[in-house]
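Report on one structure; see the data block that follows.
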Amino acid sequence: MDNVDKKLIYFLLKDARMPLRKIAEELGISAQALNYRMAKLYETGVIRKYSLHVNPKIYGKVNGFAAYKNDKYMSPNVISKFKCLEEITIYEFAANTMEELEDEIRKAETFAGLPIMKYIPEQRDMKMNIGETDRRILEYLKKDPRMSVVNLAKELGLANSSVRKRINLMEKNHVIAATTEIDLSKTDIVLFSIISKNVRNLIPVITDQPILVISDRDNGILVCFSENLKQARYVIENSRKTDPSAEVMVVYDYEFN
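For the sequence shown, our numbering gives the first residue as 12, with consecutive numbering after it.
Next comes the structure, spelled out in structure tokens:
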């Protein structure tokens with residue numbers, strides 16, 4: 012795997028809906044060369060699938076995170092999971108109420124032990140109203156996160172511009188985030204999570220490294236990308252200078268439900 016492949020994976024992790032034409036331009040390669048590289052990543056099993064992370068708030072739910080020294084806990088209320096080399100797994104839970112969320116975290120404790128970390132974001136209202144059209148778009152994107160605007164518009168019987176506008180709004184307001192599930196064991200890229208109480212000051216330090224940011228102003232979790240261990244170490248050291256109390260864990264596997 013060369014640096015072009017790594018940059019390609021970075022773009023797919025950060026935004027799985029990024030048009031291949033734009034990725035080819037960013038990488039400085041032809042569309043044919045990009046298609047060849049994509050095919051190889053599929054054939055070798057590096058790319059497992061595309062996933063759509065949906066903000067639970069659109070279903071009237073609240074979400075929270077907890078980390079345990081156990082990766083075997085199963086529940087329909089677990090919507091994402093990050094397994095770390097430190098023998099810690101970060102779970103994202105969703106529930107109908109804050110009380111149910113706390114109950115779910117306690118239920119996990121009986122199976123996985125006391126949490127090493129618990130983080131429940133401030134449950135703020137979304138900055139946009141979700142209508143019936145948005146929900147219909149979501150149903151299609153959950154099945155195929157990379158479905159084109161043209162095909163979506165055709166299925167929904169709407170104008171391309173209307174569908175594109177709604178998707179852009181949902182992405183801008185962190186309602187949805189399309190990403191790619193990668194088999195990290197078949198690459199030498201590094202994903203790591205940073206749990207910080209100083210996210211606003213931390214983000215400028217790590218520049219374009221984050222592929223997923225979940226925060227409520229100051230507190231938050233960032234999942235970051237580095238092309239190699241040396242680069243990851245540099246970013247982590249700078250992060251700890253900004254927030255000495257930040258917890259950093261190297262991710263070796265992850266999944267979205």
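Cβ atoms here follow ideal geometry from the backbone N, Cα and C, with glycine treated the same way.
Query - Residues near VAL234 in its chain [Cβ-Cβ closer than 6 Å; skip 5 each side] - result: SER204, ILE222, LEU223
Query raised in the report: From which residue to which residue does the alpha helix (DSSP H) around MET128 run?
Result: MET128 -> not in any alpha helix (DSSP H); beta strand (DSSP E) instead, spanning 128 to 130.
Query raised in the report: For SER250, which of ASP264, GLU238, HIS185, ILE232 has the nearest alpha-carbon?
Result: ILE232
Query raised in the report: Going by other Cβ atoms of all chains shown within 10 Å of its Cβ, with 16 needed for buried, is PRO67 buried or exposed?
Result: buried
Query - Segment contact flag, the stretch 92 to 102 with the stretch 142 to 154, C-beta cutoff 8 Å, min 3 pairs - result: no
Requested in this report: May I ask you to report which of helix, strand or coil DSSP gives LYS60?
Outcome: strand
Query raised in the report: Who are ALA78's beta bridge partners in DSSP?
Result: ILE101, MET128
**Report entry** Simplified DSSP state of TYR159, which is helix, strand or coil
**Finding:** Residue identity differs from the one stated: residue 159 is Ser in this sequence, not Tyr. In this structure, SER159 counts as coil in the three-state DSSP scheme.
**Report entry** Delimiting residues of the beta strand (DSSP E) encompassing LYS83
**Finding:** Unbroken run through LYS83: none, as it is neither H nor E.
Requested in this report: Mind checking who VAL261 pairs with in its DSSP beta bridge?
Outcome: PHE203
**Report entry** CB-CB length for LYS112 against GLY71, believed under 8 Å
**Finding:** Here residue 112 is Leu; the residue named in the question, Lys, does not match the sequence. Not really, about 13 Å apart at Cβ, beyond 8 Å.
Report task. Let me know the secondary structure DSSP gives PRO215 once reduced to three states. Result -> helix
Query - Cutoff 8 Å; reference ARG157; Cβ partners in own chain excluding five residues on either side - result: ALA27, ARG28, TYR61, ALA189
Query raised in the report: Starting from THR121 and walking both ways along the alpha helix (DSSP H), at which residues does that stretch end?
Result: 109 to 123
Requested in this report: Let me know the beta strand (DSSP E) ranges lying completely inside the stretch 218 to 254, each 3 residues or longer, listed in chain order.
Outcome: 221 to 227, 230 to 237
Requested in this report: Answer yes or no: do LEU125 and ARG147 have a C-beta to C-beta separation smaller than 8 Å?
Outcome: no
Query raised in the report: Hey, would you say LEU45 sits closer than 8 Å to LEU38, going by beta carbons?
Result: yes
**Report entry** Closest Cα partner of ASP229 within the set ILE34, ALA123, GLU248, ILE131
**Finding:** ILE131
Query - TYR245 to ALA170 span [Cα, whole Å] - result: 46 Å
Query raised in the report: If you draw a straight line from the alpha carbon of VAL259 to that of ILE206, how long is it in whole angstroms?
Result: 6 Å
**Report entry** Test item: CB-CB of VAL160 and ILE178 under 8 Å
**Finding:** yes
**Report entry** Runs of beta strand (DSSP E) lying entirely within the stretch 24 to 68, each at least 3 residues, in chain order
**Finding:** 58 to 65
Query raised in the report: If you run the structure through DSSP and keep just helix, strand and coil, what is LYS138?
Result: coil
Query raised in the report: So, helix, strand or coil for THR144, using DSSP?
Result: helix
Query raised in the report: Does DSSP put ASN73 in a helix, a strand or coil?
Result: Looking at the sequence shown, residue 73 is not Asn but Val. In this structure, VAL73 counts as strand in the three-state DSSP scheme.
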